[in-house]
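In this note's numbering, the protein residues as written are 840 to 1072. Where is the CB? At the ideal position from N, CA and C, for every residue including glycine. What you are looking at is a predicted structure, and each value in this text was computed from that prediction instead of being measured.
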Ligand code: URA
């Protein structure tokens, strides 16, 4: 009932204990009774609960200082705290670091998420990367030709220099693997420190002008392009 967005878990327990729930016509008043949402006839005060939601797909502009897990022992803010208005449980597709911003896809479609994060599908992810100091041409070349990190090759990164001065340099980088902290480690490997990192595209999906901390559902065109990329259409 809480998954169906009807009430909180605690209140659902009270509904059960007060005999308001029936499953397949029989009153249920024991907590922990199993019933299958979508298969059994589950009612509250005689009203059928809505069918399980279909699959949902949304994108969030992840703010700095949020965690892409469903819980955090240190109590840091979670990306899912930002989508509390979505009545369905959704999961981040892959991860962005605590200090990375930008495009994060969330869904309850496990197969879709699995394919989009599997190395076999080589989904390109593009980042706007700010590094400290003026990046050298040699470092740019190394990123483009492919470097090896301590957990294996990082592959070639399509790298475009947007701006460079003595204080900082801004690049656009596209990678197709999803190694942990890959962009930061690649830059470290060529001698530079990332000071700001934002993901601006994921596969065919663009962050566009979605504001930091805001989310929206994908439109049908965005979804069908991504599904095609994942071999699901
Ligand atoms: N690369 C990183 O270093 N961090 C991210 O969050 C994503 C890619």
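> Do you know how far the Cα of residue 865 is from the Cα of residue 899?
Replying inline: 42 angstroms
>> Can you find the residues in the same chain that come closer than 8 angstroms, C-beta to C-beta, to residue 946, ignoring five residues on each side of it along the sequence?
In response: Non-local C-beta neighbours of residue 946 in its own chain, meaning closer than 8 angstroms and more than five positions away in sequence, comprise 894, 895, 896, 897, 929, 930, 932 and 952, ordered along the chain.
> Considering only residues of the stretch 990–1032, which uninterrupted alpha helix (DSSP H) runs meet the minimum length of 4 residues and lie entirely inside it, listed in chain order?
Replying inline: 1021–1028
> Any heavy atom of the ligand URA closer than 6 angstroms to the CB of residue 1022?
Replying inline: Because some heavy atom of the ligand URA lies under 6 angstroms away, the Cβ of residue 1022 counts as near it: yes.
> Who are the near neighbours of residue 1071 in its chain, counting only those whose CB is closer than 8 angstroms to its CB and skipping five residues on each side?
Replying inline: Only residues of its own chain outside the window of five on either side were considered, and among them 950, 951 and 954 have a CB closer than 8 angstroms to the CB of residue 1071, listed in chain order.
> Taking three-plus beta-carbon pairs below 8 angstroms as touching, is the stretch 1023–1035 in contact with the stretch 1044–1053?
Replying inline: The stretch 1023–1035, when compared against the stretch 1044–1053, does not touch it at the 8 angstroms Cβ threshold.
> For residue 922, which of helix, strand or coil comes out of DSSP?
Replying inline: helix
>> Given this structure, state the Cα-to-Cα distance separating residue 1035 from residue 998, to the nearest angstrom.
In response: 16 angstroms
> Mind checking whether the beta-carbon of residue 936 lies closer than 6 angstroms to any heavy atom of the ligand URA?
Replying inline: yes
> So, using beta-carbon positions, are residue 794 and residue 1062 closer together than 7 angstroms?
Replying inline: Missing from the structure shown is residue 794; the chain here goes from 840 to 1072 and no further.
>> Nearest by alpha-carbon distance to residue 1018: which of 871, 854, 1069 and 990 is it?
In response: 990
> Among all the DSSP beta bridges, which residues are the ones paired with residue 1045?
Replying inline: 1040
>> Considering Cα atoms alone, identify which of 912, 924 and 910 is closest to residue 1056.
In response: 924
> Do residue 1015 and residue 957 have their CB atoms nearer than 7 angstroms?
Replying inline: no
>> What does the alpha-carbon distance come out to for the pair residue 995 and residue 980?
In response: The straight-line gap separating the alpha-carbon atoms of residue 995 and residue 980 is approximately 10 angstroms.
>> Is residue 969 near the ligand URA - that is, is its Cβ less than 6 angstroms away from at least one heavy atom of it?
In response: no
>> Let me check one thing: in DSSP terms, what residues is residue 1054 bridge-paired to?
In response: Residue 1054 pairs with 899.
> Assuming residue 854 contacts residue 846 under a Cβ cut-off of 8 angstroms, what Cβ separation, rounded to an integer in Å, is found between them?
Replying inline: 7 angstroms
> If we ignore side chains and look at the alpha-carbon of each, how far apart do residue 883 and residue 856 end up?
Replying inline: 12 angstroms
> Do residue 944 and residue 901 come within 7 angstroms of each other at the CB atom, strictly closer than that value?
Replying inline: no
> From residue 1031 to residue 983, what distance separates their C-alpha atoms?
Replying inline: 15 angstroms
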